[in-house]
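What follows is a single structure, written as structure tokens, with notes after it.
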Amino acid sequence: MNLLSEHNSPEKSSVLPRMSGFDPTAHVLVTKQNAVALVTRVADHKTLDVAAWLPTLTMGELHALRPAIRQAGVRREHPFVCAACGEPVILKALAGHGHYFSHVEKHVAELAGCPFREGRSPSLEELDRMRYHGQREGERHRRTKELIARTLRADDRFAEPLVESTWRSYLEGWRRPDVRSEWAGLPVVFEAQVSNTYPQVVAERTAFYQQEQMLLVWIFDRMPGKAWRTMHADTFCANQQHLFVVDEESAAESERRGTALLWTYTLCPSVRPERCESTGRILLAPFQEERFELVAFHDLSLDVGRQTACLFELSREEHRSRHKILCAIAQAECQLDPVRRDIQDILKTDHPISNERLSAWAALVCAIESARFACAVGTAHANAAGPLNLVYDHYPTVVGLLVYGLQRLGLDTESIRRKAWGERTREILHGRYRGAELPSQHAGSERMLSWLYD
Ligand SMILES: [Zn+2]
Numbered sequence: 375m376n377l378l379s380e381h382n383s384p385e386k387s388s389v390l391p392r393m394s395g396f397d398p399t400a401h402v403l404v405t406k407q408n409a410v411a412l413v414t415r416v417a418d419h420k421t422l423d424v425a426a427w428l429p430t431l432t433m434g435e436l437h438a439l440r441p442a443i444r445q446a447g448v449r450r451e452h453p454f455v456c457a458a459c460g461e462p463v464i465l466k467a468l469a470g471h472g473h474y475f476s477h478v479e480k481h482v483a484e485l486a487g488c489p490f491r492e493g494r495s496p497s498l499e500e501l502d503r504m505r506y507h508g509q510r511e512g513e514r515h516r517r518t519k520e521l522i523a524r525t526l527r528a529d530d531r532f533a534e535p536l537v538e539s540t541w542r543s544y545l546e547g548w549r550r551p552d553v554r555s556e557w558a559g560l561p562v563v564f565e566a567q568v569s570n571t572y573p574q575v576v577a578e579r580t581a582f583y584q585q586e587q588m589l590l591v592w593i594f595d596r597m598p599g600k601a602w603r604t605m606h607a608d609t610f611c612a613n614q615q616h617l618f619v620v621d622e623e624s625a626a627e628s629e630r631r632g633t634a635l636l637w638t639y640t641l642c643p644s645v646r647p648e649r650c651e652s653t654g655r656i657l658l659a660p661f662q663e664e665r666f667e668l669v670a671f672h673d674l675s676l677d678v679g680r681q682t683a684c685l686f687e688l689s690r691e692e693h694r695s696r697h698k699i700l701c702a703i704a705q706a707e708c709q710l711d712p713v714r715r716d717i718q719d720i721l722k723t724d725h726p727i728s729n730e731r732l733s734a735w736a737a738l739v740c741a742i743e744s745a746r747f748a749c750a751v752g753t754a755h756a757n758a759a760g761p762l763n764l765v766y767d768h769y770p771t772v773v774g775l776l777v778y779g780l781q782r783l784g785l786d787t788e789s790i791r792r793k794a795w796g797e798r799t800r801e802i803l804h805g806r807y808r809g810a811e812l813p814s815q816h817a818g819s820e821r822m823l824s825w826l827y828d
């Protein structure tokens, strides 16, 4: 009989009188002192009530079990873990033969906030939650790991993923990463996140992988509902406002395309048009753009030092948005100084910039944003074409940048090309401007355009 996997109620043989003080057929006594009241048997994910289970064993079985647990522990294959924190536990005994389970490393359980740590006893409600937690969370966790592994296997650029078979428990105690692979020489580990993990645990793992030069990516099995838990919010903010989810659809689509794809929820700092009450002009206001889309893993920028995998840099997007807002104000209210300072800061220069250049730049940005939002940003024009024609009429040294910029950004649409602007676009694409050669375009504005939009 193997107690490390399944325990069938033993049939007790008849007891012969013994000469020694040790009777292997006697039943085990338990103590509640220093006790981890619920343990999970890793092999079958069964959560056992220690006070009820140990007395069903004989002393012979118990003394066979004790070294078996320790030997498996040497191989780092702990057969029993605390049902609360998931840290390995071993059997110990008090003089007088009271037996109990104890964390192998007490300070780790302490750090994980285990309710079975010394000097604290969990409430009955907590104990109940732990008992029922096991099977339910275990199944979700197993399924998420499978979906992650399928996603990685679909993409040749990932090394064959190693999937951890042990199971995490109530507090998401941790021994080894869930899914481990390699991407272009970089070790990447994926942790399935199916319930709450304590911020302390997240911080420790992040620090650990940072030190190991491995990238840790958290994967959720569903989008958090309206009430984001601390864990979701922490993971989301630490990863530049990106959060990853796998499900059947994303895994199947990865397999179909041969590319690892993850559902990616992002909040990207952006702008949106807003009409100024007093002047009636359209300005730009900060806005967090929400997206949930399938993103290819190869499109993510990976940063081991920061432990991030993301599509955009939060601070960069914030700065870009701020700059667009300043351009709209410059255009609408002729306030050029803030834009001037910002450009000098971006280009890292003290070089003076003339008001003429600044007005051209602001008009260029407003024209692009007008095409994007189909309204006349920064002007009192009635429609989106107004700011474009304004650039054509007054700022020939950036009008070529505008035409090529709109094409590159996919904003050169039919509705924009209607009427005069369409004809003007054709003219400029032929390198002409008002019957002559297109003037050379301003190099500084070109650099600024790639900072703002690339
Ligand atoms: Zn524990």
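In my numbering, the protein residues as written are 375 to 828.
Backbone N, C-alpha and C define an ideal beta-carbon position, used for all residues, glycine too.
- Any heavy atom of ligand 1 counts here; residues with a Cβ closer than 5 Å to one of them, in chain order, are Cys456, Ala458, Cys459, Ala483, Cys488, Phe490.
- Note: Tyr474 is bridge-paired with Lys466 in the DSSP secondary-structure output.
- Note that the C-beta distance between Ala706 and Arg655 is below 8 Å.
- Distance between Pro462 and Arg444, taken at the CA atoms: about 10 Å.
- Between Leu636 and Val678, the gap from beta carbon to beta carbon reaches 8 Å or more.
- Fewer than three pairs of CB atoms, one per stretch, sit closer than 8 Å, so the segment 428 to 437 makes no contact with the segment 515 to 524.
- Annotation for Leu468: Thr405, Gln407 place their beta carbon closer than 7 Å to its own, counting only its chain and skipping 5 residues before and after.
- The beta-bridge partner set that DSSP reports for Ser555 consists of Val562.
- Taking Tyr807 as the centre and dropping the five residues before and after it, the same chain places the C-beta of Pro770 closer than 6 Å to its C-beta, in chain order.
- Around the Cβ of Thr525, a 10 Å sphere holds 16 or more other Cβ atoms; the residue is buried.
- Taking the Cα of Asp595 as reference, the smallest distance to any Cα among Glu622, Thr633, Val537 is reached at Glu622.
- With the rule of 3 Cβ pairs closer than 8 Å, the segment 708 to 716 does not count as touching the segment 642 to 658.
- Contact between Asp529 and Ser628 holds: their C-beta atoms lie close to 7 Å from each other, under 8 Å.
- Here Val591 carries a strand assignment [DSSP, helix/strand/coil].
- Segment contact: the segment 681 to 690 against the segment 776 to 787, fewer than three CB-CB distances shorter than 8 Å; contact not assigned.
- Its chain contains Leu826 as the residues whose beta carbon lies nearer than 7 Å to that of Arg694, once the 5 sequence neighbours on both sides are disregarded; these appear in chain order.
- Looking only at Gly632, Val591, Ala625, Glu820, the smallest Cα-Cα distance to Ala612 is reached by Val591.
- Residues of the same chain with a CB within less than 7 Å of the CB of Arg791, apart from the 5 flanking positions on each side, are Thr799 in chain order.
- With fewer than 16 other beta carbons inside 10 angstroms of its own, Gln585 counts as exposed.
- As for any beta strand (DSSP E) of minimum length 3 sitting wholly inside the segment 605 to 681, the runs are 616 to 619, 635 to 649, 656 to 670, 675 to 677, ordered along the chain.
- Just so you know, the alpha carbons of Trp427 and Thr580 end up roughly 37 Å apart.
- For Val413 and Cys459, the gap between their C-alpha atoms comes out near 10 Å.
- Thr723 sits in coil when the DSSP states are folded into three classes, being neither helix nor strand.
- Apart from the 5 residues on each side of it in sequence, Gln815 sits with its Cβ closer than 7 Å to the Cβ of Thr771, Val772, Gly774, Leu775 in its chain, given in chain order.
- Here Ser555 is buried: its Cβ has 16 or more other Cβ atoms, across all protein chains shown, within 10 Å.
- Note on geometry: alpha-carbon atoms of His473 and Pro496 lie some 20 Å from one another.
- Shown here, Val751 sits in a strand according to DSSP, grouped into three states.
- By the Cβ neighbour-count rule, Arg731 is buried, with 16 or more other Cβ atoms within 10 Å of its own.
- Within its own chain, the residues whose Cβ lies closer than 6 Å to the Cβ of Ala425, once the five positions on either side in sequence are excluded, are Val404, listed in chain order.
- When rounded, the separation of the alpha-carbon atoms in Pro598 and Ala625 is 19 Å.
- For Arg415, the secondary structure class from DSSP, reduced to helix, strand or coil, is strand.
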